[in-house]
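Shown next, in structure tokens, is the structure this report addresses.
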Amino acid sequence: MATVSAKVYEHHKKADGTYNVKICVHHKDQRKFIDTNHYVVKKQLTAKMKVKDNFVNDLIDDQLKGYRKVISELGEKLNFFNAESLRDYLREKDSDVDFIKFCAMHIEQTFKEGRTGTAHNHRKIRNSLIDYFKRDSVSINEINSNMLASYERYLRSERTMTRAVTKDGQTKEKTVKGLSDSGLHNHMRDLRTLFNAARNLYNDEDLGIYRIKHYPFKKYKIGSAPLTKKRNNTLEQVLAIRYSITKPGSRAELAKELYMLSFYLCGINAVDLYYLDKKDIKNGRIDYNRSKTEGRRKDNAFISIKIVEEAKPLLEKYIEKLSVRYVDSDGLNRALGMGMKHLRKLTGIDKLTLYWARHTFATIARNACRISKDDVALALNHVDDEHRTTDIYIEKDWSIVDDVQIKVIGLLRKLVIKVAAKQKKEASLKKAA
Numbered sequence: 008m009a010t011v012s013a014k015v016y017e018h019h020k021k022a023d024g025t026y027n028v029k030i031c032v033h034h035k036d037q038r039k040f041i042d043t044n045h046y047v048v049k050k051q052l053t054a055k056m057k058v059k060d061n062f063v064n065d066l067i068d069d070q071l072k073g074y075r076k077v078i079s080e081l082g083e084k085l086n087f088f089n090a091e092s093l094r095d096y097l098r099e100k101d102s103d104v105d106f107i108k109f110c111a112m113h114i115e116q117t118f119k120e121g122r123t124g125t126a127h128n129h130r131k132i133r134n135s136l137i138d139y140f141k142r143d144s145v146s147i148n149e150i151n152s153n154m155l156a157s158y159e160r161y162l163r164s165e166r167t168m169t170r171a172v173t174k175d176g177q178t179k180e181k182t183v184k185g186l187s188d189s190g191l192h193n194h195m196r197d198l199r200t201l202f203n204a205a206r207n208l209y210n211d212e213d214l215g216i217y218r219i220k221h222y223p224f225k226k227y228k229i230g231s232a233p234l235t236k237k238r239n240n241t242l243e244q245v246l247a248i249r250y251s252i253t254k255p256g257s258r259a260e261l262a263k264e265l266y267m268l269s270f271y272l273c274g275i276n277a278v279d280l281y282y283l284d285k286k287d288i289k290n291g292r293i294d295y296n297r298s299k300t301e302g303r304r305k306d307n308a309f310i311s312i313k314i315v316e317e318a319k320p321l322l323e324k325y326i327e328k329l330s331v332r333y334v335d336s337d338g339l340n341r342a343l344g345m346g347m348k349h350l351r352k353l354t355g356i357d358k359l360t361l362y363w364a365r366h367t368f369a370t371i372a373r374n375a376c377r378i379s380k381d382d383v384a385l386a387l388n389h390v391d392d393e394h395r396t397t398d399i400y401i402e403k404d405w406s407i408v409d410d411v412q413i414k415v416i417g418l419l420r421k422l423v424i425k426v427a428a429k430q431k432k433e434a435s436l437k438k439a440a
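In the working numbering, each residue's number is its place in the sequence shown (first place is 1) plus 7.
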């Protein structure tokens with residue numbers, strides 16, 4: 008049987024001469040303690056360190072009665088607790104969950120797991136909530152369906168954000184436009200992910216513990232993601248990027264060459280290029296785990312990509328160099344963003360990011376090469392939600408990815424030959440004239 012009692016210990020005396028009255032939780036031959044808000048001095052204690060102040064005793068007795076009532080209500084479930092978990096349950100049962108504080112802890116853990124992209128997305132949610140509430144402490148109970156509807160209107164509107172920009176805490180205000188349908192969907196989806204993570208942490212269905220009793224996303228529906236706008240280039244634009252004149256060592260050169268490298272390697276993204284190591288190259292192939300989904304898949308998002316001839320010099324130039332040149336993958340992405348801005352001016356392509364190389368590869372594979380969506384998905388290292396069970400029984404055949412890759416690059420090679428022949432013919436006609 009679990010018991011609770013008030014304790015004061017001589018060796019817990021503080022510098023100001025006071026003692027904190029603690030609640031001792033005794034269960035299964037173990038003792039754990041809960042700090043109270045009550046402090047006493049020596050004259051309020053007996054020689055045996057018992058509280059003799061009636062006013063303090065009345066307050067402590069009320070607290071003990073509350074704990075005993077909770078323990079009694081647990082019934083047979085008490086057997087599933089040890090002293091530590093029972094202490095935590097008593098201490099936190101009716102305490103409020105600070106959602107902002109939880110988000111900070113969750114984001115820190117996500118960073119430790121190497122899921123930097125997800126961590127950055129979740130940090131945007133946390134910061135946005137602080138902007139919305141105008142405070143850095145928000146009860147989980149304030150995240151309700153009415154709030155979500157109001158928050159959606161807030162996100163769609165133009166708003167001003169204040170952010171720290173230097174190590175000494177200086178801040179800068181920034182005005183941002185309202186989110187698009189796609190941006191709003193992703194934002195609310197990530198907020199729901201954080202809310203679900205909080206429920207998983209603070210609720211225990213087996214023990215009937217529900218510190219977060221409500222679920223606002225039952226009423227507030229996020230819905231399916233809207234169709235994204237076209238993010239692919241034409242083969243002619245890929246060629247324009249490939250042959251654009253950039254200054255050696257510039258960000259524009261970085262953007263151009265990593266775009267082409269991504270295109271050659273089935274749409275590999277920036278963070279995976281950043282972490283790529285020479286040990287990942289085996290028998291003329293790159294074997295790696297896609298960072299974005301590695302922690303969420305049983306196969307650890309592993310893929311094997313053949314190194315085609317066009318990719319070899321670029322791979323040699325950048326492998327293990329990016330992690331030296333940039334302190335983290337975010338630094339690389341910032342440099343790419345600035346480089347792409349310059350590259351857009353050089354090529355006359357209105358919209359262009361490294362991720363467009365991935366979309367371009369996939370679009371050409373499906374529309375120009377007529378490759379099945381399943382094979383394109385395999386080359387992109389996507390998981391097939393509809394055939395998860397079937398995938399357990401089928402060993403992946405990387406030669407399928409090779410076929411997709413060579414057909415796409417084969418079209419680019421034909422275009423190179425065609426353009427070269429045209430230029431040669433024009434030069435010959437010009438010379439004859």
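We put the beta carbon where it would ideally sit given N, CA and C, even for glycine.
Q | Every unbroken alpha helix (DSSP H) inside the segment 19-106 [4 residues or more] | A | 61-81 and 90-99
Q. Does DSSP put V145 in a helix, a strand or coil?
A. coil
Q) To which residues of the same chain is D213 closer than 6 Å at the C-beta, ignoring the five residues directly before and after it? A) none
**Q.** Residue of K119, S152, Y96 and D69 minimising C-alpha distance to E80
**A.** Y96
Q: Compare the beta carbon distance of W405 and S269 with 8 Å and say whether it is the shorter of the two.
A: no
Q | Nearest residue (CA-CA) to T354, options E260, N207, E99 and M195 | A | E260
Q) Can you tell me where the beta strand (DSSP E) with D294 in it begins and where it stops? A) R292 to N296
Q. From what residue to what residue does the beta strand (DSSP E) around V183 run?
A. T178 to V183
Q | Three-state secondary structure (DSSP) of S257 | A | coil
Q) Would you call the segment 347-367 and the segment 126-142 in contact, with 3 or more CB pairs under 8 Å? A) no
Q: For N210, I'd like the list of residues in its chain whose CB is within less than 7 Å of its CB, leaving aside the five on either flank, ordered along the chain.
A: I216, Y217, R218 and I219
Q | Length of the line joining the Cα atoms of E301 and F118 | A | Confidence is the limiting factor: at E301 the pLDDT is only 47, short of 50, which leaves the residue's position unreliable and the question unanswerable from this model.
Q) So, is A277 buried or exposed, given that buried needs 16 or more other C-beta atoms within 10 angstroms? A) buried
Q.
Considering only the alpha carbon of each residue, which of K59, A9 and L339 lies closest to T360?
A. L339
Q: Indicate the three-state DSSP secondary structure (helix, strand or coil) for K358 in the structure shown.
A: coil
Q: Please go through the same chain and pick out, in chain order, the residues whose beta-carbon is closer than 7 Å to the beta-carbon of F368, but skip the five residues on each side of it.
A: F270, C273, G274 and V415
Q. What number of angstroms, rounded off, separates the C-alpha of H127 from the C-alpha of Y46?
A. 43 Å
(Q) Between which residues of its own chain and Q430 is the CB-CB distance below 8 Å, once the five residues before and five after are set aside? (A) none
**Q.** Buried versus exposed, by CB contacts within 10 Å (16 or more), R258
**A.** buried
Q.
Between the alpha carbons of V77 and R38, how many angstroms are there, rounded?
A. 18 Å
Q) Taking the alpha-carbon positions, what's the K438 to I424 distance? A) 21 Å
Q. Hey, is the segment 102-118 in contact with the segment 151-169, meaning 3+ C-beta pairs nearer than 8 Å?
A. no
Q | Straight-line gap, R351 to S435 (C-alpha atoms, nearest Å) | A | 32 Å
Q: Out of E317, N296, V315 and A318, point me to the one whose CA is closest to A308's CA.
A: N296
Q | 3-residue-minimum beta strand (DSSP E) runs that sit fully inside the segment 309-389, ordered along the chain | A | 309-313
Q | Three-state class that DSSP yields for N445 in the structure shown | A | No information on residue 445 is available, as it lies outside the stretch 8 to 440 that the chain covers here.
Q. Can you give the Cα-Cα distance for K29 and F40, rounded to whole angstroms?
A. 6 Å
(Q) Check this for me: beta carbons of I229 and R199, under 8 Å apart or not? (A) yes
Q) Roughly how many angstroms lie between the CA atoms of R206 and A156, to the nearest whole one? A) 21 Å
(Q) For the beta strand (DSSP E) containing K14, name the first residue and the last one. (A) T10 to K14
Q: Just grab the DSSP bridge partners of Y217 for me.
A: N210
Q) From G291 to K100, what does the alpha carbon distance come to, in whole angstroms? A) 57 Å
Q | the segment 52-71 / the segment 12-22 touching (three or more Cβ pairs under 8 Å) | A | yes
Q. Going by the CB atoms, is the gap between S164 and D103 shorter than 8 Å?
A. no
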